[in-house]
């Protein structure tokens, strides 16, 4: 039997090849473009623009509805982003769609199935219809409006329990103690995840989330790969437990599928792990972004405290103003035209959802945070078209309940110390958000 160290050494060439094809080549090209001052390359690579991308969005907007460099197109235009997301002329092209077909084929061959991430097929983020339709149909039954509506009491109970645990605590990290714990508890219930496993999976999911970003360094890739391998190992054991003793959770239902709907082991891993990670990632970032915004806009918080029925619309305004998912990629599947620009098959376009959600053609005074904004729900934070977020209703419910409960329990809660933003480009949220409140015994 090989030692773990030997196994890691044997896997190293394979890992390096997978990194080079998925990230290394594009990283080199993007860095070269950024050094030459190319705006789109800088938006992907410049650390300062990860912290505050909005000036760059406006610069790109000033260049027209679709910008481009030698490698790719990009847009912050709401109409363009909406059209591309809904068009069957664009898709994910089976993951790593920005690569030429021969390199894409080679990447799929060299990548270790035990390190597949959220942008690797057969993840639902990386496949198009009809395969995407097949997977989505099996998962969607857990997120119907009726089922999500019935989860309100459970979400309220979880929020109350978490706040009870903070009794007597004057200062705490909102992300670690509340914003992450609420959605991971809810999605774990939905997927049959044992309570003892939840914190570890939360940490692993956080480490693996960086794989959504383009142009990772070798060190970033290897760190995420270790986390993904551990997640797949855990999931394999979880499936075996549920196969032996199934429950009424979603993973048990997927395990027991038969006939043409049956998922093979790789499909089951990619579908199940994506639902698990997506089930807490968006809401963690959404709650953190909301608290930071309300801290900076006390007049908006007072409006909500005076009119608690406004929390639902406030969540949409947070989604618009500080989108948890800032960008996504689409590839032209056939020759087509958008806003007068011709796209050939294989050409990619970066859709900056965070910029589209501040399009002045749709949102008046788009930089202003207004919890009463009448058309806040026209944002694209949950994407659109066939890849519209399955868990959007649950994320909205969790966030509205979490925020209302938090500020009812601690009306004077405020940010204390220096918040720490996540280092990711695609996901926008906080790694750490210290808050302080008056102790209530």
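In the numbering used here, the protein residues as written are 1126 to 1566.
Quick reminder that beta carbons are idealized off the backbone N, C-alpha and C, glycines included.
Within its chain, find whatever has a CB closer than 7 Å to the CB of residue i; leave out the 5 residues flanking it on each side and keep chain order.
| i | result |
| --- | --- |
| residue 1140 | 1347, 1350 |
| residue 1377 | 1317, 1367, 1371 |
| residue 1439 | 1429, 1496 |
| residue 1491 | 1483, 1484, 1485 |
| residue 1523 | 1280, 1307, 1308, 1311, 1408 |
| residue 1291 | 1297, 1302 |
| residue 1534 | 1288 |
| residue 1305 | 1327, 1405, 1409 |
| residue 1355 | 1329 |
| residue 1176 | 1546 |
| residue 1184 | 1164 |
| residue 1154 | 1196 |
Of the choices the options, whose alpha-carbon is the least far from that of residue i?
| i | options | result |
| --- | --- | --- |
| residue 1332 | 1200, 1475, 1548, 1361 | 1548 |
| residue 1445 | 1188, 1195, 1494, 1436 | 1494 |
| residue 1397 | 1255, 1485, 1479, 1265 | 1265 |
| residue 1313 | 1405, 1268, 1503 | 1405 |
| residue 1475 | 1205, 1160, 1179, 1239 | 1205 |
| residue 1243 | 1391, 1163, 1540 | 1391 |
| residue 1241 | 1343, 1327, 1358, 1521 | 1358 |
| residue 1488 | 1434, 1441, 1379, 1154 | 1441 |
| residue 1190 | 1175, 1176, 1173, 1208 | 1208 |
| residue 1178 | 1362, 1513, 1450 | 1450 |
| residue 1151 | 1172, 1174, 1229 | 1229 |
| residue 1254 | 1231, 1211, 1278 | 1211 |
| residue 1435 | 1154, 1421, 1352, 1501 | 1501 |
Could you tell me the distance, in whole angstroms, from the CA atom of residue i to the CA atom of residue j?
| i | j | result |
| --- | --- | --- |
| residue 1554 | residue 1453 | 16 Å |
| residue 1458 | residue 1215 | 5 Å |
| residue 1126 | residue 1136 | Because residue 1126 carries a pLDDT of 38, less than 50, the predicted location of this residue cannot be relied on, and no value is offered for it. |
| residue 1470 | residue 1218 | 10 Å |
| residue 1166 | residue 1375 | 40 Å |
| residue 1237 | residue 1334 | 18 Å |
| residue 1517 | residue 1412 | 14 Å |
| residue 1162 | residue 1201 | 19 Å |
| residue 1269 | residue 1519 | 9 Å |
| residue 1552 | residue 1339 | 12 Å |
| residue 1443 | residue 1414 | 7 Å |
| residue 1561 | residue 1424 | 19 Å |
| residue 1192 | residue 1186 | 8 Å |
| residue 1506 | residue 1250 | 15 Å |
| residue 1197 | residue 1385 | 38 Å |
| residue 1472 | residue 1293 | 56 Å |
| residue 1432 | residue 1426 | 10 Å |
| residue 1361 | residue 1388 | 14 Å |
| residue 1223 | residue 1504 | 26 Å |
| residue 1479 | residue 1160 | 24 Å |
| residue 1577 | residue 1231 | Here the chain covers residues 1126 to 1566 and nothing more, so residue 1577 does not appear. |
Per the DSSP calculation, residue i is bridged to which residue(s)?
| i | result |
| --- | --- |
| residue 1298 | 1559 |
| residue 1349 | According to DSSP, residue 1349 bridges with nothing at all. |
| residue 1462 | 1467 |
| residue 1473 | 1456 |
| residue 1078 | Outside the shown range of the chain, which is 1126 to 1566, sits residue 1078, and nothing can be said about it. |
| residue 1547 | Per DSSP, none; premise fails for residue 1547. |
| residue 1440 | Paired residue(s): none; residue 1440 is not in a bridge. |
Within its chain, find whatever has a CB closer than 6 Å to the CB of residue i; leave out the 5 residues flanking it on each side and keep chain order.
| i | result |
| --- | --- |
| residue 1252 | 1246 |
Under 8 Å Cβ to Cβ from residue i, same chain only, skipping five residues before and after it: list those, please.
| i | result |
| --- | --- |
| residue 1530 | 1281, 1284, 1285, 1288 |
| residue 1556 | 1300, 1545, 1546, 1547, 1548 |
| residue 1323 | 1309, 1310, 1313 |
| residue 1273 | 1518, 1519, 1522 |
| residue 1416 | 1299, 1304, 1528, 1531, 1538, 1540, 1558, 1560 |
| residue 1226 | 1471 |
Legend entry - Contained alpha helix (DSSP H) runs [length at least 4] in the segment 1371 to 1430, N- to C-terminal order: 1375 to 1380, 1390 to 1421
Legend entry - Minimum length 3: unbroken beta strand (DSSP E) runs contained in the segment 1177 to 1228: 1198 to 1200
Inset, instruction - With a floor of 4 residues, list each alpha helix (DSSP H) that falls wholly inside the segment 1488 to 1536, ordered by position along the chain. - result: 1517 to 1534
Inset, instruction - Run through the segment 1228 to 1310 for me and flag every whole beta strand (DSSP E) of 3 or more residues, listed as ranges in chain order. - result: 1296 to 1298
Legend entry - Continuous beta strand (DSSP E) assignments of at least 3 residues falling wholly in the segment 1315 to 1365: none
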